[in-house]
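Q: Going left to right, the sequence shown walks through residues 1 to 201 as UniProt numbering numbers them.
Next up is a structure, given as structure tokens.
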Amino acid sequence: MIHRHALTGLVLAGGQGRRMGGRDKGLEAFAGRPLASHALTPLRGRVAEVLINANRHPEAYAALGERVIPDLEAGYQGPLMGIYSGLRAAATDWVVVVPCDSPALPDDLVARLVAGRGSADIAVAHDGERLHPVVALIRRALVDDLGRALAAGERKIDRWYARHDWRAVDMADRAEAFANLNTPDDKRRLEARRRRESPQP
Ligand SMILES: Nc1nc2c(ncn2[C@@H]2O[C@H](COP(=O)(O)OP(=O)(O)OP(=O)(O)O)[C@@H](O)[C@H]2O)c(=O)[nH]1
Ligand SMILES: [Mg+2]
1 MIHRHALTGL
11 VLAGGQGRRM
21 GGRDKGLEAF
31 AGRPLASHAL
41 TPLRGRVAEV
51 LINANRHPEA
61 YAALGERVIP
71 DLEAGYQGPL
81 MGIYSGLRAA
91 ATDWVVVVPC
101 DSPALPDDLV
111 ARLVAGRGSA
121 DIAVAHDGER
131 LHPVVALIRR
141 ALVDDLGRAL
151 AAGERKIDRW
161 YARHDWRAVD
171 MADRAEAFAN
181 LNTPDDKRRL
191 EARRRRESPQ
201 P
């Protein structure tokens, strides 16, 4: 078991949002509030601290009520740099990573990653068809190794995972929860799905 006090939540919102017209994806309105705020739902109350990793508009992210951290190296070097920056900033032994653009993640995500980890150092969500490398539980002690990998040019998350004791956690029963939003069209489709699933009175 990993206790709540040993966990930090990390929302990755540091991308360029090119498929969203270059807009700051985590701040796009989704169902009436910033997309990144939906990613906080499975984390709040289940971790000791939440960090939001963002490279633009830090004050807008800070308004969500959590600590905001930028990438330690600028230049939009990809999510692995966001994970590295989060591991460096975290004060706990474990970090739960989620992306800012998956507004329907399972409520019990943290518990399932913790339970599914077994004795591995990294646990990654799997939806039955594919792995979601940015939905993961990672041991903070790997931070120095990740720093060396980045310095050596590594930018591919799954290739870094593969060099460690990692495990996929089966969440096929909740595959729809991993839907993510890359384009304005994805946004419309997912907002419509949400209205169907929980119609407002
Ligand atoms: N810190 C950080 N996070 C990133 C970076 N690139 C992507 N991410 C995050 O990784 C997750 C998945 O990335 P994408 O869906 O490709 O998002 P994106 O890169 O902003 O969008 P595109 O430019 O359309 O690829 C999102 O939560 C992004 O915020 C980066 O350079 N730095
Ligand atoms: Mg991208």
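Beta carbons are placed, not taken as given, at the ideal position from N, Cα and C, and that holds for glycine.
Every value quoted in this text rests on a predicted model; they were computed, and no experiment measured them.
Going by alpha carbons, who is nearest to Leu-137 out of Thr-41, Leu-51, Asp-144 and Gly-116?
A: For Leu-137, the nearest C-alpha among the options comes from Gly-116.
Q: Alpha carbon to alpha carbon, how far is Asp-127 from Ala-57? Give it in angstroms, no decimals.
A: The sequence given here has His at residue 57, not Ala. About 32 Å.
Q: To the nearest angstrom, how far is it from the Cα of Pro-42 to the Cα of Pro-106?
A: Rounded to the nearest angstrom, the two C-alpha atoms are 7 Å apart.
Q: Taking one C-beta from the segment 29 to 37 and one from the segment 86 to 97 each time, how about it: are there three or more such pairs within less than 8 Å?
A: Judged by Cβ distances under 8 Å, the segment 29 to 37 makes no contact with the segment 86 to 97, as fewer than three pairs qualify.
Q: For ligand 1, is there any heavy atom lying closer than 8 Å to the beta carbon of Ala-13?
A: Answer for Ala-13: yes, Cβ within range of ligand 1.
Q: Taking 8 Å as the cut-off, is the CB of Tyr-76 close to at least one heavy atom of ligand 1?
A: Flag set: Cβ of Tyr-76 near ligand 1.
Q: With a threshold of 6 Å on Cβ separation, who are the neighbours of Arg-23 within its own chain once the five nearest residues in sequence on each side are excluded?
A: Around Arg-23: Gly-17.
Q: Should residue 203 be listed as close to ligand 2, given that the test is whether its C-beta is under 8 Å from any heavy atom?
A: As shown, the chain starts at 1 and ends at 201. That puts residue 203 outside it, with no answer to give.
Q: What I want to know is whether the C-beta of Met-20 ends up closer than 8 Å to one or more non-hydrogen atoms of ligand 1.
A: Met-20: yes, Cβ under 8 Å from ligand 1.
Q: Report the partner residues of Asn-55 according to the DSSP bridge assignment.
A: The partner list for Asn-55 (beta bridge, DSSP) is empty, contrary to what the question assumes.
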